[in-house]
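Taken in sequence, the protein lines are chains C and L.
Mapping the first sequence onto numbering that gives the first Met the number 0, position 32 (from 1) lands on 31, and the numbers just tick up by one.
Mapping the second sequence onto numbering that gives the first Met the number 0, position 71 (from 1) lands on 70, and the numbers just tick up by one.
Even for Gly, the Cβ is constructed at its ideal location relative to N, Cα and C.
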Amino acid sequence: MRAFGRAAPAILAACAGLVLATSVAQAGDIVPKIPIDRTKGDCVLPGDQMRREHMNILMHRRDDTMFKGIRGGKASLSACLTCHMVKDEKTGKPVTVASPKHFCRVCHDFAAVKVDCWSCHKSVPEETDTQAALPGGMGSKQSKFAQLLEYVQGGRK
Amino acid sequence: MSDQGARDRHEQARRDEIDEARREFLRNIAAASVVSLGGGMMLYSMGGEAQAKKPGEPLDPKKRWGMLIDTSKCTSGCDKCVEACKKENGWEAEPGSETDVQWIRKVDVKDPLTGFMASLPVMCQHCANPPCVDVCPTGASMRREDGIVRVNMHTCIGCRYCMMACPYKARSFVHEDIPEEKKRFHAPMGKGCVTSCDFCAHRIDVGRIPACAEACPEGAMLFGDMNDPNSELRKRLKEIRSYQIRADLGTDNGIRYTRLP
Numbered sequence: 000m001r002a003f004g005r006a007a008p009a010i011l012a013a014c015a016g017l018v019l020a021t022s023v024a025q026a027g028d029i030v031p032k033i034p035i036d037r038t039k040g041d042c043v044l045p046g047d048q049m050r051r052e053h054m055n056i057l058m059h060r061r062d063d064t065m066f067k068g069i070r071g072g073k074a075s076l077s078a079c080l081t082c083h084m085v086k087d088e089k090t091g092k093p094v095t096v097a098s099p100k101h102f103c104r105v106c107h108d109f110a111a112v113k114v115d116c117w118s119c120h121k122s123v124p125e126e127t128d129t130q131a132a133l134p135g136g137m138g139s140k141q142s143k144f145a146q147l148l149e150y151v152q153g154g155r156k
Numbered sequence: 000m001s002d003q004g005a006r007d008r009h010e011q012a013r014r015d016e017i018d019e020a021r022r023e024f025l026r027n028i029a030a031a032s033v034v035s036l037g038g039g040m041m042l043y044s045m046g047g048e049a050q051a052k053k054p055g056e057p058l059d060p061k062k063r064w065g066m067l068i069d070t071s072k073c074t075s076g077c078d079k080c081v082e083a084c085k086k087e088n089g090w091e092a093e094p095g096s097e098t099d100v101q102w103i104r105k106v107d108v109k110d111p112l113t114g115f116m117a118s119l120p121v122m123c124q125h126c127a128n129p130p131c132v133d134v135c136p137t138g139a140s141m142r143r144e145d146g147i148v149r150v151n152m153h154t155c156i157g158c159r160y161c162m163m164a165c166p167y168k169a170r171s172f173v174h175e176d177i178p179e180e181k182k183r184f185h186a187p188m189g190k191g192c193v194t195s196c197d198f199c200a201h202r203i204d205v206g207r208i209p210a211c212a213e214a215c216p217e218g219a220m221l222f223g224d225m226n227d228p229n230s231e232l233r234k235r236l237k238e239i240r241s242y243q244i245r246a247d248l249g250t251d252n253g254i255r256y257t258r259l260p
């Protein structure tokens, strides 16, 4: 079991390499090379399903957030864009959709898909986005005040 | 005659109630002023961890988010809440502009008869019966089950009926493209859609309080759950007489003010 666990990534990598090699051999250099950072964990679904289903996942999540207030997790837009961030070679900063290298543009440009998401949504995540509150309850400020009050009043009654 | 007596008794009981509420209020102030930031601190309270929502959970339809704005603490000229909102949600407004996006603004009001003045932060009032939702042809203008009224910009077609319907002028239309560097990730907005205060839904959903309430140096904005009898907000609402702007319209606002001219 253990040995297989260690060998699995190697096997997977070999397979991926093979697939890549064959697809490149078949389609030549026209097919865009999608930059994928595999160090941050798996995608919401396996790669082949993502290629087909990513728009549905996004739409579903969009409604979940708007109507039910569900946030965070892999399916959130900020997670997508964090894992799939592409850094500019020169500046080292993440590229925006203004650049054809942006993850969401590589395929879309190739397949002539135009999405309107970026007229509203920022295409690079911000660090402070949807950080959960500190354990002290709603808002860190309050918990600090509460602690202070507790201290001044001589502990919890 | 006996009718008159009953009315008197009723009146007396009501006065006693008010007196008791006042005493309670003063006691609380005295208790709170033990520490210098006392007043503010009470107003930040959300009523403990039980109320906070975790990011991945769906919202709780039993809640109704609301706010009590203590106008006696709100000074004319201070616009820290407005600035905080601008920063948090990435909008800008030229002073006096009628077309720029405005999620919250400071309004100085005066009773012409008595000269009594108050300075109020006015934003979306998060009505229980929101006229903006009634008139929306696509369902984009919506009221979340926890009381937050907002625009689902994905279905907004920019017709601006909601802007016409809102008695509080709380909604704005985005007339121009917003460049990438001015956008905030958690508050998307773009040309051709209506936007308005969403009570910082992105913060509430992860257990934080709205940016304006957090920024107020006087702690004049108490945010909380109006349906929870144990929340700090409800306790305060029980103590102090509070008012909704234009209560006569029957919109049942989620934002209440302690003093209105």
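Exposed unless 16 or more other CB atoms sit within 10 angstroms - verdict on residue i
| i | result |
| --- | --- |
| asparagine 88 of chain L | buried |
| valine 229 of chain L | According to the sequence provided, residue 229 of chain L is asparagine. The question's valine does not apply to it. Under this definition asparagine 229 of chain L is an exposed residue. |
| lysine 61 of chain L | exposed |
| isoleucine 194 of chain C | Lying before the first or after the last residue shown, residue 194 of chain C is absent from chain C, which here runs from 0 to 156. |
| aspartate 47 of chain C | exposed |
| tyrosine 256 of chain L | buried |
| alanine 200 of chain L | buried |
| alanine 246 of chain L | exposed |
| methionine 225 of chain L | buried |
| aspartate 227 of chain L | buried |
| leucine 112 of chain L | exposed |
Check whether residue i and residue j have beta carbons under 7 Å apart
| i | j | result |
| --- | --- | --- |
| valine 150 of chain L | valine 100 of chain L | no |
| methionine 163 of chain L | arginine 170 of chain L | no |
| cysteine 196 of chain L | methionine 122 of chain L | yes |
| lysine 72 of chain L | glutamate 238 of chain L | no |
| threonine 250 of chain L | cysteine 126 of chain L | yes |
| arginine 235 of chain L | leucine 67 of chain L | yes |
| serine 75 of chain C | proline 124 of chain C | no |
| glycine 40 of chain C | aspartate 204 of chain L | no |
| cysteine 119 of chain C | proline 187 of chain L | yes |
| arginine 260 of chain L | phenylalanine 115 of chain L | In the sequence as presented, arginine is not what sits at residue 260 of chain L; that position holds proline. Yes, they are a contact pair. |
| cysteine 58 of chain L | aspartate 145 of chain L | Sequence inspection shows leucine at residue 58 of chain L; the cysteine mentioned does not correspond to that position. Yes. |
| glycine 223 of chain L | glycine 191 of chain L | no |
| glycine 189 of chain L | glycine 71 of chain C | no |
| threonine 95 of chain C | serine 122 of chain C | yes |
| glycine 206 of chain L | lysine 52 of chain L | yes |
Residue i: contacting residues in chain L (beta-carbon distance under 8 Å)
| i | result |
| --- | --- |
| glutamate 125 of chain C | Arg183, Phe184 and His185 |
Contact list for residue i against chain L, beta-carbon separation under 7 Å
| i | result |
| --- | --- |
| serine 77 of chain C | Phe184 |
| arginine 61 of chain C | His153 |
Within chain C, the residues that residue i reaches when beta carbons sit closer than 9 Å
| i | result |
| --- | --- |
| leucine 58 of chain L | Phe66, Lys67, Gly68 and Ile69 |
| glutamate 179 of chain L | Thr95, Val96, Ala97, Trp117, Lys121, Ser122 and Val123 |
| arginine 143 of chain L | Met65, Phe66, Lys67 and Gly68 |
Within-7 Å CB hit, residue i to chain B
| i | result |
| --- | --- |
| methionine 188 of chain L | Judged by its chain identifiers, the structure shown contains no chain B, and its protein chains are C and L. |
Contacts that residue i makes with chain L (C-beta to C-beta distance below 9 Å)
| i | result |
| --- | --- |
| glycine 72 of chain C | Pro54 and Gly55 |
Amino acids of chain C, ordered along the chain, whose beta-carbon sits closer than 7 Å to that of residue i
| i | result |
| --- | --- |
| aspartate 197 of chain L | Correct list: empty, because the minimum Cβ distance to chain C is about 10 Å. |
| alanine 200 of chain L | Gly68 |
Entirely within the region 82–155 of chain L and at least 3 residues each: give me those beta strand (DSSP E) ranges in chain order. Complete beta strand (DSSP E) runs here, min 3: 103–109, 116–122, 140–142 and 148–150.
Is there contact here, the region 132–142 of chain L with the region 69–84 of chain L, by at least three beta-carbon pairs under 8 Å? no
Contact between the region 103–113 of chain C and the region 78–85 of chain L (3+ Cβ pairs under 8 Å): no
Fully enclosed by the region 167–220 of chain L, which alpha helix (DSSP H) runs are 4 residues long or longer? 200–203 and 210–214
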